[in-house]
Amino acid sequence: MRARVADFGLAKQGNEGESHLTTRIAGTHGYLAPEYALYGQLTEKSDVYSFGIVVLEIMCGRKALDLSSSTFLITDWAWSLMKAGRLEQVLDPSLLGCEDSVMSRRYPRMIMERFLLVGILCAHLMVALRPTMLDALRMLEGDIEVPTIPDRPLYGNDMIVSG
(Lines of atoms letter the chains of each structure in order from A; the text may use other names.)
(Lines give C-alpha, C1' and ligand atoms only; values in the text may rest on other atoms or scores of the structure.)
Protein backbone atom coordinates (compact mmCIF):
# COMPACT_ATOMS: atom_id res chain seq x y z
CA MET A 40 0.00 0.00 0.00
CA ARG A 41 1.36 3.43 -0.94
CA ALA A 42 -0.04 6.30 1.08
CA ARG A 43 -0.97 9.38 -0.87
CA VAL A 44 -1.49 12.45 1.26
CA ALA A 45 -2.44 15.81 -0.14
CA ASP A 46 -3.77 18.94 1.48
CA PHE A 47 -6.14 20.51 -0.99
CA GLY A 48 -6.78 23.34 1.45
CA LEU A 49 -10.50 22.97 0.88
CA ALA A 50 -11.51 23.91 4.41
CA LYS A 51 -9.13 26.88 4.33
CA GLN A 52 -11.02 28.60 1.52
CA GLY A 53 -13.38 30.32 3.95
CA ASN A 54 -12.86 32.34 7.09
CA GLU A 55 -11.86 30.50 10.26
CA GLY A 56 -14.82 28.97 12.09
CA GLU A 57 -17.14 29.31 9.12
CA SER A 58 -18.50 26.51 7.02
CA HIS A 59 -18.54 26.58 3.26
CA LEU A 60 -21.22 25.15 1.00
CA THR A 61 -20.42 24.05 -2.51
CA THR A 62 -22.11 22.24 -5.34
CA ARG A 63 -18.81 21.13 -6.87
CA ILE A 64 -17.43 18.30 -4.77
CA ALA A 65 -13.71 17.52 -5.20
CA GLY A 66 -11.59 14.94 -3.45
CA THR A 67 -10.74 11.28 -3.17
CA HIS A 68 -13.45 8.73 -2.36
CA GLY A 69 -13.00 7.32 1.10
CA TYR A 70 -11.34 10.44 2.45
CA LEU A 71 -14.19 12.90 1.98
CA ALA A 72 -16.19 13.74 5.07
CA PRO A 73 -19.80 12.57 4.66
CA GLU A 74 -21.25 16.06 5.16
CA TYR A 75 -19.06 17.32 2.33
CA ALA A 76 -19.68 14.39 -0.02
CA LEU A 77 -23.46 14.43 0.55
CA TYR A 78 -24.31 18.08 1.17
CA GLY A 79 -21.30 20.12 0.07
CA GLN A 80 -20.78 21.41 3.64
CA LEU A 81 -17.09 22.00 4.24
CA THR A 82 -15.59 22.90 7.62
CA GLU A 83 -12.32 22.39 9.45
CA LYS A 84 -13.88 19.20 10.84
CA SER A 85 -13.98 17.90 7.25
CA ASP A 86 -10.19 17.93 7.32
CA VAL A 87 -10.27 16.17 10.72
CA TYR A 88 -12.34 13.39 9.12
CA SER A 89 -9.77 12.92 6.34
CA PHE A 90 -6.96 12.90 8.89
CA GLY A 91 -8.77 10.18 10.83
CA ILE A 92 -9.01 8.05 7.70
CA VAL A 93 -5.25 8.38 7.10
CA VAL A 94 -4.52 7.43 10.74
CA LEU A 95 -6.75 4.36 10.39
CA GLU A 96 -5.07 3.33 7.13
CA ILE A 97 -1.64 3.52 8.76
CA MET A 98 -2.66 1.64 11.88
CA CYS A 99 -4.76 -1.01 10.11
CA GLY A 100 -2.72 -1.54 6.96
CA ARG A 101 -5.95 -1.37 5.03
CA LYS A 102 -7.27 0.99 2.35
CA ALA A 103 -9.97 3.56 3.12
CA LEU A 104 -12.37 1.68 0.84
CA ASP A 105 -12.32 -2.09 0.37
CA LEU A 106 -15.12 -3.05 -2.00
CA SER A 107 -14.34 -6.76 -1.56
CA SER A 108 -15.43 -6.63 2.10
CA SER A 109 -18.95 -6.47 3.55
CA THR A 110 -17.76 -3.58 5.73
CA PHE A 111 -16.09 -1.73 2.90
CA LEU A 112 -15.48 1.52 4.81
CA ILE A 113 -12.41 1.38 7.03
CA THR A 114 -14.28 3.45 9.61
CA ASP A 115 -17.13 0.94 10.00
CA TRP A 116 -14.75 -2.02 9.98
CA ALA A 117 -12.37 -0.60 12.61
CA TRP A 118 -15.15 0.80 14.79
CA SER A 119 -17.06 -2.51 14.97
CA LEU A 120 -13.94 -4.52 15.83
CA MET A 121 -12.76 -2.01 18.44
CA LYS A 122 -16.21 -1.92 20.07
CA ALA A 123 -16.04 -5.73 20.24
CA GLY A 124 -12.63 -5.49 21.96
CA ARG A 125 -10.76 -7.10 19.06
CA LEU A 126 -7.75 -4.79 18.89
CA GLU A 127 -5.50 -7.53 17.53
CA GLN A 128 -7.68 -7.91 14.43
CA VAL A 129 -7.70 -4.18 13.72
CA LEU A 130 -3.98 -3.50 13.93
CA ASP A 131 -1.75 -4.11 10.94
CA PRO A 132 0.11 -7.36 11.71
CA SER A 133 3.40 -5.69 10.76
CA LEU A 134 2.89 -3.28 13.69
CA LEU A 135 2.29 -6.11 16.12
CA GLY A 136 5.19 -8.34 15.15
CA CYS A 137 6.31 -10.60 17.92
CA GLU A 138 6.50 -9.49 21.54
CA ASP A 139 10.27 -9.21 21.31
CA SER A 140 10.28 -7.07 18.18
CA VAL A 141 11.65 -3.53 18.22
CA MET A 142 8.24 -2.24 17.09
CA SER A 143 6.44 -3.88 20.02
CA ARG A 144 8.95 -2.53 22.53
CA ARG A 145 8.95 0.91 20.99
CA TYR A 146 5.20 1.27 20.54
CA PRO A 147 3.29 -0.60 23.23
CA ARG A 148 -0.20 -1.83 22.36
CA MET A 149 -1.67 0.84 24.63
CA ILE A 150 -0.24 3.54 22.36
CA MET A 151 -1.36 1.74 19.21
CA GLU A 152 -4.86 1.42 20.65
CA ARG A 153 -4.90 5.15 21.44
CA PHE A 154 -3.93 5.95 17.84
CA LEU A 155 -6.73 3.71 16.55
CA LEU A 156 -9.28 5.32 18.86
CA VAL A 157 -8.22 8.82 17.78
CA GLY A 158 -8.52 7.79 14.12
CA ILE A 159 -12.02 6.41 14.75
CA LEU A 160 -13.04 9.52 16.68
CA CYS A 161 -11.70 11.86 13.98
CA ALA A 162 -13.60 9.92 11.32
CA HIS A 163 -16.91 9.88 13.20
CA LEU A 164 -19.95 10.47 11.01
CA MET A 165 -21.28 13.18 13.32
CA VAL A 166 -19.34 16.40 12.89
CA ALA A 167 -20.03 17.59 16.43
CA LEU A 168 -18.40 14.45 17.89
CA ARG A 169 -15.12 14.89 16.01
CA PRO A 170 -12.30 16.57 17.90
CA THR A 171 -10.52 19.64 16.64
CA MET A 172 -7.16 19.00 14.98
CA LEU A 173 -5.44 20.45 18.06
CA ASP A 174 -7.30 18.07 20.38
CA ALA A 175 -6.61 15.12 18.06
CA LEU A 176 -2.89 15.93 18.20
CA ARG A 177 -3.00 16.29 21.98
CA MET A 178 -4.73 12.89 22.24
CA LEU A 179 -2.15 11.26 19.96
CA GLU A 180 0.66 12.69 22.08
CA GLY A 181 -1.03 11.46 25.26
CA ASP A 182 -1.49 14.97 26.65
CA ILE A 183 -5.26 14.52 27.01
CA GLU A 184 -7.39 11.42 27.40
CA VAL A 185 -9.21 9.94 24.43
CA PRO A 186 -12.93 10.06 25.23
CA THR A 187 -15.08 6.97 24.98
CA ILE A 188 -15.86 6.32 21.35
CA PRO A 189 -19.52 7.16 20.76
CA ASP A 190 -21.83 4.89 18.82
CA ARG A 191 -21.93 5.25 15.07
CA PRO A 192 -25.26 6.61 13.87
CA LEU A 193 -27.13 5.15 10.96
CA TYR A 194 -26.74 6.94 7.66
CA GLY A 195 -29.46 9.38 6.70
CA ASN A 196 -31.52 11.40 9.15
CA ASP A 197 -29.37 10.43 12.13
CA MET A 198 -26.31 12.04 10.60
CA ILE A 199 -25.79 15.49 12.09
CA VAL A 200 -23.91 17.88 9.85
CA SER A 201 -23.61 20.86 12.15
CA GLY A 202 -20.59 21.14 14.32
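Numbering (the working numbering), first residue to last: 40 to 202.
Glycine is no exception: its CB is placed at the ideal position from the N, C-alpha and C atoms.
Bear in mind the structure is a predicted one, so any value in this text is a computation, not a measurement.
A direct Cα-Cα distance of roughly 12 Å separates phenylalanine 111 from serine 119. Taking all protein chains shown into account, histidine 163 has 16 or more neighbouring C-beta atoms within 10 Å of its C-beta and is therefore buried.
Judged by DSSP in its simplified three-state form, leucine 81 adopts strand. In the three-state reduction of the DSSP assignment, leucine 112 falls in the strand class. The bridge partners DSSP lists for leucine 130 come to none. Around the Cβ of aspartate 86, a 10 Å sphere holds 16 or more other Cβ atoms; the residue is buried. Between the segment 95-102 and the segment 172-186, the count of C-beta pairs closer than 8 Å stays below three; the two stretches do not touch.
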